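Visitor: Below you'll find the structure I mean.
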Amino acid sequence: MWQYTDVVQEHFLNPRNVGEVENPSGTGDVGSLACGDALKLTIKVDENDTIVDARFKTFGCASAIASSSALTEMIKGMKISEAEKITNQHIADFLGGLPKEKMHCSVMGREALEAAIADYRGIILPMAEGEVVCECFGVTDLEIIRTIKDSDLRSVEEITNFTKAGGGCGKCEDKLQALLNETLGTIPAKEKVAGKPQKMTTLQKIKKIEEVLEREIKPMLRQDGGDIELIDVDGDDVLVSMRGACTSCAKSQMTLKEYVEKKLRELVLDTLTVEEAK
Amino acid sequence: MKTTPGKEIYMDNNATTRIAPEVVEAMMPFLTDYYGNPSSMYNFGGQVAEKITAARRQVADLLGADPEEITFTSCGTESDSTAVLSALKSFPERKHILTTRVEHPAVKTLCESLEALTGHKHRVTRLKVAADGTLDMAEYEKALSEDTAIVSVMWANNETGVLFPVEEMAAMAKERGILFHTDAVQAVGKVPINMKESSVDFLSLSGHKLHAPKGVGVLYVRRGTPFVPFLAGGHQERGRRGGTENVASIVGLGRACSLAAEKMEEENSRVKALRDRLEERLLANVPRALLNGHKTERLPNTSNISFEFVEGESILLHLNELNICASSGSACTSGSLEPSHVLRAMGVPFTAAHGSIRFSLSVYNTDEEVDYVLEKIPAIIATLRKMSPFWTGE
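Structure follows, in structure tokens:
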């Protein structure tokens, strides 16, 4: 069992500011269902650049909910210029600390706040740029370097605790170590972090695929009593499961290739292949 | 807040179980007055050895085995490692291990480490499972090869309770001269097992899953099966497992096995009825709740239910406030960042895998406890869903 502080438990059991601000001045949407936590932060900013209201909706564990609740309490009444300076460590401190494996929850809070402020200002964050290092959780080198600096990280394990990078298949651990060495400047990295540039992170891919499934494909299949569920995305391989009438339909394979795959290639990425999970 | 013992509503019996009072009673003399070493040459030790012999008989009776086929170990994990490594050492020319994608970490991690350690000299085939957690026997048959040193397939899955047809699988392995191991940690005491009628060569069980204490397990080894010990040391357990016997726990495990035989009927009737009622009402009363695992090919005590769009740890901690103990296959509860490998192997969608809760009952659960859990869960799920950015329902 995690050792949560009383403050974390209290904010988890009695979260403040749950919901969405009406007509928000800024929205920050980070994380995804696939990754196991997600946070939607909405803020209302008045003409003096002060955050007059902040609300959250969070899918995640106790520390994710507590971090979100803490964040909204911290920024209400703050000037945007002050709120900008909030780091994940501030959120963790507000909660009296978080278990080290849960620090990524406070990072999610900081990311949501940044995204909401950027949205308020009408600018696009540079975060999604950079090269994806951790494919499992879609974490880029820029995010990792920034977190290493912000939180004074010293090991790959700490990088995983704070950013989730390396927490899935673990194949990127060498790259993480190289990034760490480079960033700390202690040991010169043997080689520049490898990895071919990709147009989309896995995370972005999943989000986009989920969107297209919901908006375009599911309504169409449901007309015939069928349905479809996203199971997994591995590189460009999209694994889905056909549901309802589709399971017994002789044409379901055709639907999969001729309709679902075509649609996803057209609207998400033209290198995707769609397979049914057996 | 701490949970006062006796106040808990314990529905996590696949994690561990309460030590039966009868078991505690049987153990006590060996924690106090009877401290002799069973190997010693005087009565003060010899009388302790007699109790180990009696316990071995009790375990053998539950499994329909001969006492000499029973080796006491420290836990299920040790039994699993012993069996798999023994087979590999007995057939060094065979490099193939056949297992499933949904094994307990005791076998899963062992296979991964064997692949890594020997520079992939060992080849591991992991059988897929269907959406309901069951195996494809045709795939299994195809995977058996002359190079297979051992098949290791769990009898019942710890997360979903799904049962595998191990008897049939063991017979198929035997026809081809391949050793068969089953991790039966969750099955023993809940499913009738008769090794006399079986082709299984190795079977692992764990004391603390059947109301004996933690720190004691058993490896069943069929008579005549080649065997190489895992722990080298003294002559204990006929040289099959060195180390002075954990006497009190072994005696406790013996008593627990005789109790399990008495209570197997109750497990499969009263406990099963409690589980079914809990499951049916939850699926009916909570929208977007899904059952994980085959409805009938399953242990009588286990129910794994996904509550879509909410996260398992949050559910568990709300339950914890009510002293209700259960577990989850979500990423957050495991310390890893990914949800349960079992649910992923079954293709449970992301929307559901993170919100899975496992209830595992025992003979100590009551109707009142099930009522209480049924009363509390819908509100907890509703509260968390109201907070979830993915929940669009009412």
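Residue numbers (our numbering), protein chains in the order written: chain A, 3 to 280; chain B, 170 to 563. Note that CB positions come from ideal geometry on N, CA and C, so glycine has one too. Predicted model, so just to flag it, every value in this text is computed and none were measured.
1) Touching or not, the stretch 293-310 of chain B and the stretch 255-272 of chain B, by the rule of three or more beta carbon pairs under 8 Å?
2) What first and last residue would you give for the beta strand (DSSP E) that runs through A:Leu-41?
3) For A:Thr-7, which residues from the same chain have a beta carbon less than 7 Å from its beta carbon, with the 5 sequence-adjacent residues on both sides left out?
4) The beta strand (DSSP E) with B:His-239 in it runs from where to where?
5) Three or more C-beta pairs under 8 Å: does that hold for the stretch 187-194 of chain B against the stretch 388-406 of chain B?
6) Below 9 Å between beta carbons is the criterion; list the residues of the stretch 221-249 of chain A that meet it against any residue of chain B, in chain order.
7) Between the stretch 435-451 of chain B and the stretch 196-214 of chain B, do three or more beta carbon pairs fall short of 8 Å?
8) Confirm, please, whether the CB-CB distance from A:Gly-62 to A:Arg-123 is below 9 Å.
9) Looking at B:His-487: is its Cβ nearer than 9 Å to the Cβ of A:Leu-35?
10) Let me make sure I understand the geometry here. Which of B:Asn-437, B:Lys-555, B:Ser-529 has the alpha-carbon closest to that of B:Thr-329?
11) For the stretch 28-43 of chain A, which residues have a beta carbon sitting closer than 9 Å to at least one beta carbon of chain B?
12) So, is A:Ser-157 buried or exposed, given that buried needs 16 or more other C-beta atoms within 10 angstroms?
13) Let me make sure I understand the geometry here. Which of A:Pro-101, A:Asp-229, A:Glu-133 has the alpha-carbon closest to that of A:Val-9?
14) List, in chain order, every chain A residue whose beta-carbon is nearer than 9 Å to that of B:Ala-312.
15) Reducing DSSP to helix, strand and coil, say where A:Arg-156 ends up.
16) Just to confirm the assignment, what range does the alpha helix (DSSP H) spanning B:Glu-310 have?
17) Report the partner residues of B:Leu-460 according to the DSSP bridge assignment.
18) A:Ile-67 touches chain B at which residues, Cβ-Cβ below 7 Å?
19) Near A:Asp-152, what residues of its chain come up, given a Cβ to Cβ distance below 8 Å and the 5 sequence neighbours on each side ignored?
20) Comparing the C-beta of B:Ala-500 with each C-beta of chain A, is any distance below 9 Å?
21) Output needed for B:Gly-175: all residues of its chain with C-beta closer than 8 Å, excluding positions within five of it in sequence on either side, in chain order.
22) Helix, strand or coil for A:Lys-192? Go by DSSP, reduced to three states.
23) Which runs of the alpha helix (DSSP H), 4 residues or longer, sit entirely within the stretch 205-244 of chain B?
24) What residues are listed by DSSP as bridge partners for A:Gly-33?
25) Let me see if you follow: with CB-CB separation under 9 Å, is A:Cys-138 close to chain B or not?
26) CA-CA distance, B:Ala-218 and B:Gly-421?
27) Under 9 Å, do B:Glu-436 and B:Val-532 count as touching if we go by C-beta distance?
Guide: Short version:
1) yes
2) 39-47
3) Leu-97, Gly-98, Gly-99
4) One point to set straight first is that residue 239 of chain B is Ile, not His, in the sequence displayed. 239-242 is the span of the beta strand (DSSP E), which, as asked, contains B:Ile-239.
5) no
6) Glu-231, Leu-232, Ile-233, Asp-234, Leu-241, Ser-243
7) no
8) no
9) no
10) B:Ser-529
11) Asp-31, Gly-33, Ser-34, Leu-35, Ala-36, Cys-37, Gly-38, Asp-39, Ala-40, Leu-41, Lys-42
12) exposed
13) A:Pro-101
14) Under the 9 Å cutoff, chain A gives no residues; its nearest Cβ is about 15 Å from B:Ala-312.
15) coil
16) 306-312
17) B:Ile-474
18) Ser-483, Met-556
19) Thr-89, Asn-90, Gln-91
20) yes
21) none
22) Residue placement at A:Lys-192 cannot be trusted, given a pLDDT of 44 that sits under 50; the coordinates are not used to answer.
23) 212-232
24) A:Ala-40
25) yes
26) 14 Å
27) yes
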